[in-house]
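Engineer: Before I ask anything, here is the structure I am working with.
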Amino acid sequence: AGNTATCSFTVTVSDEEPPTITCPADIDQDVDQGVCGAVVNYSLPTASDNDGTPINVVLVSGPASGETFPVGTTTVTYSATDAAGNSAECSFDVTVNDNEDPIFDPVTNIEQNVDAGVC
746 AGNTATCSFT VTVSDEEPPT ITCPADIDQD VDQGVCGAVV NYSLPTASDN DGTPINVVLV
806 SGPASGETFP VGTTTVTYSA TDAAGNSAEC SFDVTVNDNE DPIFDPVTNI EQNVDAGVC
């Protein structure tokens, strides 16, 4: 009979999956001698998209690797955004412990006579 029929449709694929980002483990470090803080070096987080493409990570908050961290705990946060605009964040804590004893400047002995009329 030679009858035919055709149809068409549009398939739209959208990327709604955020990238994966992995931060280093928390860091616990002692102060640098003579400094009220410590220079802390850490591995940068790694990120990739669902297609396996590596993507850049951006520091959101906290000092960068190689900078001086203050005594106490500082949270460092990084983010990654894929080409579709999906983003993910990860964080880790850097704790700098002040375990350095204070240093006193040497003081010479003081000799002084009593005030008149006072014991």
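Numbering (the numbering used here) for the sequence shown: 746 to 864. Cβ coordinates follow ideal geometry from the N, Cα and C atoms, glycine included.
Among the candidates Asn844, Val839, Pro763 and Thr755, whose CA atom is the shortest distance from the CA of aspartate 794?
Structural biologist: Closest option to aspartate 794, Cα to Cα, is Pro763.
Engineer: For the segment 749-767 against the segment 816-829, do three or more pairs of beta-carbon atoms, one drawn from each stretch, fall closer than 8 Å, so that the two count as touching?
Structural biologist: At 8 Å Cβ cutoff, the stretches touch.
Engineer: Roughly how many angstroms separate the alpha carbons of cysteine 781 and valine 863, rounded to a whole number?
Structural biologist: Straight-line Cα distance between these residues: approximately 45 Å.
Engineer: Give me the Cα-Cα distance between asparagine 801 and proline 808, rounded to the nearest whole angstrom.
Structural biologist: Answer to the nearest angstrom: the Cα atoms are 18 Å apart.
Engineer: Quick one: what's alanine 833 bridged to in DSSP?
Structural biologist: Looking at the DSSP assignment, alanine 833 forms a beta bridge with Ala825.
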